[in-house]
Amino acid sequence: MKILPILSSLAFAAGTSAFPAYGSLAGFGQEALNIIIPTLLIREPPPLRPGDIRGPCPGLNTLASHGYLPRNGMASPSQIVAAVQEGFNMENSLAVFVAYAAHLVDGNLLTDLMSIGGKSHLTGPDPPPPATAGGLNTHAVFEGDASMTRGDFFFGNNHDLDTTLWDQFVDFSVRFGAGNYNFTVAAELRHQRIQESIATNPSFSLVSPRYYTAFVESVFPIAFFVDGRKNDSQLDLSAASSFFLNNSFPPDFFRANGPRTAKGIDQVFEPYPILPGGNVGKINTYTVDPTSADFSNFCLLYTNFVNETIRGLYPEPTGVLRRALNTNLNYFYQGINNSGCTQIFPYGKD
Ligand code: HEM
Numbered sequence: 004m005k006i007l008p009i010l011s012s013l014a015f016a017a018g019t020s021a022f023p024a025y026g027s028l029a030g031f032g033q034e035a036l037n038i039i040i041p042t043l044l045i046r047e048p049p050p051l052r053p054g055d056i057r058g059p060c061p062g063l064n065t066l067a068s069h070g071y072l073p074r075n076g077m078a079s080p081s082q083i084v085a086a087v088q089e090g091f092n093m094e095n096s097l098a099v100f101v102a103y104a105a106h107l108v109d110g111n112l113l114t115d116l117m118s119i120g121g122k123s124h125l126t127g128p129d130p131p132p133p134a135t136a137g138g139l140n141t142h143a144v145f146e147g148d149a150s151m152t153r154g155d156f157f158f159g160n161n162h163d164l165d166t167t168l169w170d171q172f173v174d175f176s177v178r179f180g181a182g183n184y185n186f187t188v189a190a191e192l193r194h195q196r197i198q199e200s201i202a203t204n205p206s207f208s209l210v211s212p213r214y215y216t217a218f219v220e221s222v223f224p225i226a227f228f229v230d231g232r233k234n235d236s237q238l239d240l241s242a243a244s245s246f247f248l249n250n251s252f253p254p255d256f257f258r259a260n261g262p263r264t265a266k267g268i269d270q271v272f273e274p275y276p277i278l279p280g281g282n283v284g285k286i287n288t289y290t291v292d293p294t295s296a297d298f299s300n301f302c303l304l305y306t307n308f309v310n311e312t313i314r315g316l317y318p319e320p321t322g323v324l325r326r327a328l329n330t331n332l333n334y335f336y337q338g339i340n341n342s343g344c345t346q347i348f349p350y351g352k353d
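For reference, each letter of the sequence shown is one residue, going 4 to 353 in the numbering used here.
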């Protein structure tokens with residue numbers, strides 16, 4: 004077992020080879036380590052540096068904190084797909100669908116990069132030019148209202164964790180989950196956050212795609228933040244606080260022990276069913292929007308997203324931009340090509 008390390012340390016000690024920076028130190032005795040270690044440039048996982056980006060998603064923030072994604076928070080959608088699979092065992096087609104949906108609305112399609120946070124350049128409180136372009140903070144295309152731990156865009160900060168909302172997350176987990184976040188808590192908290200937005204945010208919007216993501220995000224902590232060895236759909240508050248408060252894996256965390264999807268949405272939706280809609284300029288004016296996709300028509304989510312959201316952002320693209328849109332729309336569709344939805348080509352097929 005130990006022959007190889009011994010041989011390479013001997014070769015190294017004899018000056019015949021440099022110890023590689025990527026070589027494992029496992030199996031070396033103290034004597035060899037005393038020779039090797041002084042030659043290594045020791046690096047610790049770096050803390051956040053000025054300019055590093057974190058945003059509204061505790062999952063992606065955590066992956067960036069641990070280097071599964073570039074630590075500066077800027078990544079390509081393919082890096083995001085690889086990271087959510089590697090770090091959390093997100094099922095591949097869900098990862099593709101979510102990552103390319105986000106990239107299409109919030110990323111730079113020509114550089115193939117997006118930021119997991121960053122200032123909004125569309126409707127944010129700061130007018131353009133932005134300090135950092137777009138990113139997942141951009142309101143009303145992917146990011147949306149009634150988040151569990153983030154305030155509504157209307158109130159000024161839609162991306163940082165809000166400590167009052169976090170306290171509510173804890174309180175609900177204690178009251179409805181005996182100290183764990185689970186499907187019962189998720190249903191109560193989802194309802195509560197929607198009712199709060201109806202009662203306080205005159206521009207509250209809960210139409211597709213936010214209608215879906217609001218419920219999907221309620222079950223994500225159960226699918227992905229529960230340690231893979233427990234696998235009991237009960238997220239304890241100490242693990243939850245590691246992810247939500249510190250954007251970090253809890254110590255000794257094991258990812259889910261198989262590919263995971265957004266399972267359990269029905270358990271969150273059914274106790275308090277609501278149709279897509281929003282307030283119409285005043286609080287407490289929630290009005291159903293019959294044009295929005297809902298849970299009875301998944302393909303409308305796809306067609307609305309392409310025909311309304313993407314075409315609204317890119318009405319008449321030409322040249323390289325049109326080609327990049329087509330490439331990314333095609334990847335996006337790969338995430339749902341098993342759902343029986345017909346692919347649409349708003350900018351032609353090439
Ligand atoms: C696959 C790529 C992903 C993208 C593009 C993405 C994007 C986002 C965005 C934009 C939000 C903010 C939505 C809002 O509340 O307004 C969000 C929230 C959230 N994400 Fe992700 N996410 C991804 C993967 C994940 C993963 C793998 C996890 C879990 C491990 C996760 C967990 C969450 C949770 C729990 C929230 C809700 C936060 C809250 O409501 O307070 N996400 N995500």
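We put the CB at the ideal spot given by N, CA and C, even for glycine.
What does DSSP give as the partner residues of residue i in its beta bridges?
i      : result
Leu139 : None, per the DSSP bridge assignment.
Tyr118 : A small correction: the amino acid at residue 118 is Ser; Tyr does not occupy that position in the sequence shown. Looking at the DSSP assignment, Ser118 forms a beta bridge with Met77.
Thr294 : Looking at the DSSP assignment, Thr294 forms no beta bridge with any residue, so it has no partner.
Pro349 : Gly351
Glu146 : His142
Gly280 : Leu209, Val291
Leu238 : Tyr184
Arg263 : Met93
According to DSSP, is residue i part of a helix, a strand, or is it coil?
i      : result
Met151 : coil
Ser79  : coil
Leu125 : The predicted position of Leu125 is uncertain, since its pLDDT is 41 and thus under 50; a value taken from the coordinates is nonetheless stated next. Here Leu125 sits in coil by DSSP.
Tyr184 : strand
Asp170 : helix
Leu112 : coil
Glu319 : coil
Glu199 : helix
Ser27  : coil
Pro253 : coil
Pro133 : Caution is warranted here: a pLDDT of 41 is assigned to Pro133, below 50, making its placement in the model unreliable, and the coordinate value is therefore given only provisionally. Looking at Pro133 - three-state DSSP - the assignment turns out to be coil, as it is neither helix nor strand.
Ser342 : coil
Asn228 : Here residue 228 is Phe; the residue named in the question, Asn, does not match the sequence. Coil at Phe228, not helix or strand.
Arg193 : helix
Ile106 : First, the amino acid is wrong: residue 106 is His here, not Ile. In the structure shown, His106 sits in a helix (DSSP, three-state: H, G or I).
Leu332 : helix
Ala21  : coil
Tyr215 : helix
Arg258 : coil
From which residue to which residue does the alpha helix (DSSP H) around residue i run?
i      : result
Gln33  : 33 to 39
Pro61  : 61 to 68
Cys302 : 301 to 307
Val271 : 268 to 272
Cβ contact check for the region 320 to 340 and the region 243 to 252: 3 or more pairs under 8 angstroms: no
Cβ contact check for the region 103 to 116 and the region 162 to 172: 3 or more pairs under 8 angstroms: no
Given 8 angstroms, three or more beta-carbon pairs between the region 191 to 202 and the region 227 to 235: no
Inter-stretch contact (C-beta, 8 angstroms, three-pair minimum) for the region 270 to 281 and the region 291 to 300: yes
Three CB pairs or more closer than 8 angstroms across the region 259 to 266 and the region 296 to 307: no
At least 3 beta-carbon pairs within less than 8 angstroms: the region 337 to 345 vs the region 91 to 109: yes
Given 8 angstroms, three or more beta-carbon pairs between the region 81 to 95 and the region 51 to 61: no
Cβ pair count under 8 angstroms reaching 3, the region 148 to 155 against the region 206 to 224: yes
Stretch pair the region 248 to 258 + the region 183 to 196: three plus CB contacts closer than 8 angstroms: no
Cβ contact (3+ pairs, closer than 8 angstroms) linking the region 76 to 89 and the region 99 to 107: yes
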